[in-house]
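In this note's numbering, the protein residues as written are 251 to 760. Below is one structure, written out as structure tokens, with a few remarks after it.
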């Protein structure tokens, strides 16, 4: 009895074969796809409906592939291609009917390494899963002409195009019409081929017309001989970062504009205040001079006919001292207001010259108190000469003024290297200062002694502090009561950019 054997379902066997197969019609030049193996669909992320009915040359638009297919039909023999597609090698095999005519062509990918075909399929499947898991990047595999051979799931998320929309088409589909007309896609590929990699930040449109900023990197792929066989294009959506960066630029611009305006307003205000201080000092000193002069004239006239008692003499003395004190206050206030002007010159200052001027100014005080100034060669200073002279003069003058009774004052000026700054110290052997006043001593009009004990306006140290800070330095007091005082301050070694310099550079109105 003859055993009946049922014919297998060859369609099922073909579709589930563990290799990447395509069955084609011999309808050159189209070569229509009529069947696809499941292995091919897994690797390419396409569906059977998206493949069947398409031309193979749409999927792999390569001139060499068409030549290989035509060669298989003309020679009626299997034709092999090596390293011409993203999966490796391929073979096209003709299938004949009973009449000897070619019924179909079987296009088999990766048959160049049959012994490792299973491992190759597992690798490609794992690679596809890995690429699809990267959803924040659009990854495109291109051939040497820029045709899209495959793309991952991130491509659809970022650009909005499905695999079937793109595979077989030029990657210029992802560019704007203006860029295509200008030849940008060709230039980008050319740069990637010449340099190995091309990177750019560009504005793009998704399939639905929405806009986004993207960071694009195109890397060339080479075969073993160094020939370019394709490209990998990776796109990242950086719209959020770009928007944040643009917002930061806008915010910075607004802030700079506000700072600029406030600087202008402050300069105008400072100029107006300085003008007011000058006018006020001039206008106030005029009546003070009149008061002082007429009090003296009146006193002299009265003395010609009358003898003034002690109380009247005292009152007249109070008036004259008060007017002189008021003149000194006005003069010091004017000096304080002028620190920080924009029309003053910053220059390198010879400290030897500074101390020569100071010694001239203080020669009477030095002679009267038998004071001694001790200093070695000091470094040059960058700053405003008149202000630096006033800084040292005020500190040395104070050191001589607040001396210990019956002890000749000794004032020592020294300097140390402090990185970008010089650190100066002015120390004395005078009455010293209670440490609790170390901060308050630099305040305007703050006096620790009465006018009868020590003359002055209480502005001198405030002027010193303003001068030092305007030169981008710091000043402080090391105080020991009854054991002298040490005033220490820093000044930059080189000219530093201050708000005044910035204003002058920007040519802001004063």
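Positions of the beta carbon are idealized from the N, C-alpha and C atoms, including for glycine. Keep in mind that this is a model prediction, so the values were computed, not measured.
{"Query": "Checking the sheet assignment: what are the DSSP bridge partners for residue 726?", "Result": "738"}
{"Query": "Do residue 653 and residue 683 count as a contact pair if the criterion is CB distance below 9 Å?", "Result": "no"}
{"Query": "Taking the alpha helix (DSSP H) that residue 633 falls in, what are its first and last residues?", "Result": "No alpha helix (DSSP H) contains residue 633, which is instead part of the beta strand (DSSP E) from 631-633."}
{"Query": "By the 10 Å Cβ neighbour count, where 16 or more other Cβ atoms means buried, how is residue 268 classified, buried or exposed?", "Result": "exposed"}
{"Query": "Report the rounded CA-to-CA distance for residue 471 versus residue 501, giving the unit in angstroms.", "Result": "43 Å"}
{"Query": "From this set, 413, 301 and 394, which residue's C-alpha is nearest residue 477's C-alpha?", "Result": "394"}
{"Query": "Enumerate, from N- to C-terminal direction, the unbroken alpha helix (DSSP H) stretches of 4 or more residues contained entirely within the region 413-491.", "Result": "413-416, 427-432 and 434-445"}
{"Query": "State yes or no: is the C-beta of residue 420 within less than 9 Å of the C-beta of residue 440?", "Result": "no"}
{"Query": "In the DSSP assignment, the beta strand (DSSP E) including residue 395 goes from what residue to what residue?", "Result": "Note, residue 395: premise wrong, no beta strand (DSSP E); not H, not E."}
{"Query": "Could you check whether the region 479-487 touches the region 448-467, counting it as contact only if at least three pairs of C-beta atoms, one from each stretch, sit closer than 8 Å?", "Result": "yes"}
{"Query": "Determine the contact status of residue 278 and residue 327, defining contact as a CB-CB distance below 9 Å.", "Result": "no"}
{"Query": "Indicate the three-state DSSP secondary structure (helix, strand or coil) for residue 712 in the structure shown.", "Result": "helix"}
{"Query": "Could you compute how far the alpha carbon of residue 264 sits from the alpha carbon of residue 272?", "Result": "10 Å"}
{"Query": "Determine the extent of the alpha helix (DSSP H) in which residue 683 is found, giving its start and end residues.", "Result": "Unbroken run through residue 683: none, as it is neither H nor E."}
{"Query": "Residue 743 to residue 504, Cα distance in whole Å?", "Result": "34 Å"}
{"Query": "Rounded to the nearest angstrom, what separates residue 282 and residue 495 at their Cα positions?", "Result": "50 Å"}
{"Query": "Measuring CB to CB, does residue 323 end up less than 9 Å from residue 352?", "Result": "yes"}
{"Query": "With which residues is residue 733 paired in a DSSP beta bridge?", "Result": "According to DSSP, which records beta bridges pairwise, residue 733 is partnered with nothing at all."}
{"Query": "Report buried or exposed for residue 365, applying the criterion of at least 16 other Cβ atoms within 10 angstroms of its Cβ.", "Result": "Here residue 365 scores only 45 on pLDDT, less than 50, and its place in the model is too uncertain to base an answer on."}
{"Query": "Would you give the residue range spanned by the alpha helix (DSSP H) that residue 352 belongs to?", "Result": "Run containing residue 352: none in the alpha helix (DSSP H); it sits in the beta strand (DSSP E), 352-359."}
{"Query": "By DSSP, does residue 597 sit in helix, in strand, or in coil?", "Result": "strand"}
{"Query": "Cα separation between residue 552 and residue 568?", "Result": "17 Å"}
{"Query": "Apply the 10 Å Cβ neighbour rule to residue 555 and answer buried if 16 or more other Cβ atoms are within range, or exposed otherwise.", "Result": "exposed"}
{"Query": "Residue 269 by DSSP, collapsed to three states: which one?", "Result": "coil"}
{"Query": "By Cβ distance below 6 Å, which residues in the same chain neighbour residue 662 in space, the five residues on each side in sequence not counted?", "Result": "624 and 677"}
{"Query": "Let me make sure I understand the geometry here. Which of 406, 403, 447 and 719 has the alpha-carbon closest to that of residue 637?", "Result": "719"}
{"Query": "Go ahead and label residue 659 buried or exposed: buried means 16 or more other beta carbons lie within 10 angstroms of its beta carbon, across all protein chains shown.", "Result": "buried"}
{"Query": "If I measure Cβ to Cβ from residue 566 and keep anything under 8 Å in the same chain, skipping five residues before and after, which residues do I get?", "Result": "545, 549 and 558"}
{"Query": "If you follow the alpha helix (DSSP H) that residue 307 is part of, which residue opens it and which one closes it?", "Result": "306-309"}
{"Query": "With a Cβ-Cβ cutoff of 9 Å, do residue 359 and residue 427 count as a contact?", "Result": "no"}
{"Query": "Skipping 5 residues on each side, what residues in its chain have a beta carbon closer than 6 Å to that of residue 711?", "Result": "691 and 692"}
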